[in-house]
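In what follows, a single structure is set out as structure tokens and then discussed.
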Amino acid sequence: NYKLTLGLRTIYVRIDSNNGCHQIVTLDLELVAKPIIAVNDIVPICEGKPITVAAGIGGDNYLWSTGATSQSIVISVEGDYSVTAIKNYGTISCSSTKNFSVKNSQTASIKNIEIKDWTTNEKQIIVYTTEIGDFEYSINGTNFQDSNVFSNLSSGDYTVTVRDKYGCGSAIEEVYILMYPKFFTPNQDGYNDTWSIKNSEKENLVTKIFDRYGKLITILQPNQSWNGTLNGKNLPSTDYWFTVTRANGKEYKGHFSLKR
Numbered sequence: 003n004y005k006l007t008l009g010l011r012t013i014y015v016r017i018d019s020n021n022g023c024h025q026i027v028t029l030d031l032e033l034v035a036k037p038i039i040a041v042n043d044i045v046p047i048c049e050g051k052p053i054t055v056a057a058g059i060g061g062d063n064y065l066w067s068t069g070a071t072s073q074s075i076v077i078s079v080e081g082d083y084s085v086t087a088i089k090n091y092g093t094i095s096c097s098s099t100k101n102f103s104v105k106n107s108q109t110a111s112i113k114n115i116e117i118k119d120w121t122t123n124e125k126q127i128i129v130y131t132t133e134i135g136d137f138e139y140s141i142n143g144t145n146f147q148d149s150n151v152f153s154n155l156s157s158g159d160y161t162v163t164v165r166d167k168y169g170c171g172s173a174i175e176e177v178y179i180l181m182y183p184k185f186f187t188p189n190q191d192g193y194n195d196t197w198s199i200k201n202s203e204k205e206n207l208v209t210k211i212f213d214r215y216g217k218l219i220t221i222l223q224p225n226q227s228w229n230g231t232l233n234g235k236n237l238p239s240t241d242y243w244f245t246v247t248r249a250n251g252k253e254y255k256g257h258f259s260l261k262r
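The sequence shown begins at 3 in my numbering and counts up by one.
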């Protein structure tokens with residue numbers, strides 16, 4: 003056995019007989035290459051945009067399943083295709099055939115973003131798209147993942163990006179994970195002296211604060227905070243309740259402590 007490499011090789015063969023005679027034969031062997039067709043198994047096509055598929059430059063002749071004989075063709079309809087490339091070496095011809103599928107891919111569009119916040123743990127962002135496609139997701143525009151669920155998040159701003167894996171387009175939307183302090187200490191020491199909901203201005207949230215008996219204490223406009231007073235007088239250390247209504251109409255209720 004002898005493994006040939008591409009190109010011309012000379013091999014000498016010695017044949018021995020039982021009577022001591024021998025014969026040496028010279029073999030000139032040339033190994034030629036098949037054409038390499040650089041086409042992926044799946045070729046995506048953005049909806050409404052034809053794509054050019056090229057079979058490479060390694061062949062002398064080409065034959066596509068569409069009947070075309072050019073080196074490349076333009077495809078606008080998804081389906082199964084094939085191309086055969088033929089390379090001529092004098093009286094010898096070598097061929098390669100590639101079967102592939104063309105599939106429609108769509109621009110990503112965000113249908114809804116579900117936010118699970120207000121909790122100490124398990125804050126989540128779940129992204130839903132209007133179309134079914136081969137999408138990937140990110141909340142920082144840099145790191146993408148196949149899953150549409152992001153967990154173990156901190157409070158703050160996030161830029162949600164959904165993009166088609168084949169470059170057919172992306173959708174971007176900004177969201178905010180909200181959280182409120184569990185307590186505040188209005189003693190003018192410069193730490194936790196006021197209470198407010200972080201990022202309330204991002205969603206134009208209006209916050210209503212009540213005492214334990216349901217009496218309305220104050221209404222905080224977006225980006226406002228409460229200093230623990232009513233009509234200029236300090237309120238006692240106890241628990242207080244609040245309600246906010248998000249832009250989507252969902253109301254959230256919670257409570258916090260005032261400590262002096």
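For glycine and all other residues, C-beta sits at the position ideal for the given N, C-alpha and C.
Leaving out five residues on either side along the sequence, give the residues of the same chain with a beta carbon under 7 Å from the beta carbon of residue i.
i, result
"L31", "L6, R11, I13"
"A173", "A110, S111, I112, V164"
"H24", "R16, I17, D18"
When the distance is taken between beta carbons, is residue j closer than 7 Å to residue i?
i, j, result
"T260", "S227", "The sequence shown places Leu at residue 260, not Thr. For L260 and S227, no; Cβs fall outside 7 Å."
"T99", "L65", "no"
"A110", "D195", "no"
"F244", "T187", "no"
"P52", "V76", "yes"
Looking at the structure shown, is residue i part of a helix, part of a strand, or coil, going by DSSP?
i, result
"Q1", "No answer is possible for residue 1: it lies beyond the span of the chain, which begins at 3 and ends at 262."
"K261", "coil"
"V41", "coil"
"A35", "coil"
"R248", "coil"
"L6", "coil"
"W228", "strand"
Closest by CA to residue i, which one among the options?
i, options, result
"G169", "H257, G256, E138, G158", "E138"
"A40", "C48, N229, T245, A56", "A56"
"I59", "I47, S74, I53", "S74"
"D62", "S95, T54, E80, V45", "S95"
Going by beta carbon distance, what residues of the same chain come within less than 6 Å of residue i, once the five residues before and after it are set aside?
i, result
"F152", "I127, I141"
"A249", "E205"
"T161", "G143, E176"
Give me, in chain order, the residues of the same chain whose beta-carbon lies closer than 8 Å to that of residue i; leave out the 5 immediate sequence neighbours on both sides.
i, result
"S84", "W66, S67, T99, K100, N101, F102"
"K113", "Y130, T131, T132"
For residue i, count neighbouring C-beta atoms within 10 Å of its own C-beta (all shown protein chains included) and say buried if the count is 16 or more, exposed if not.
i, result
"I199", "buried"
"Q108", "buried"
"I179", "buried"
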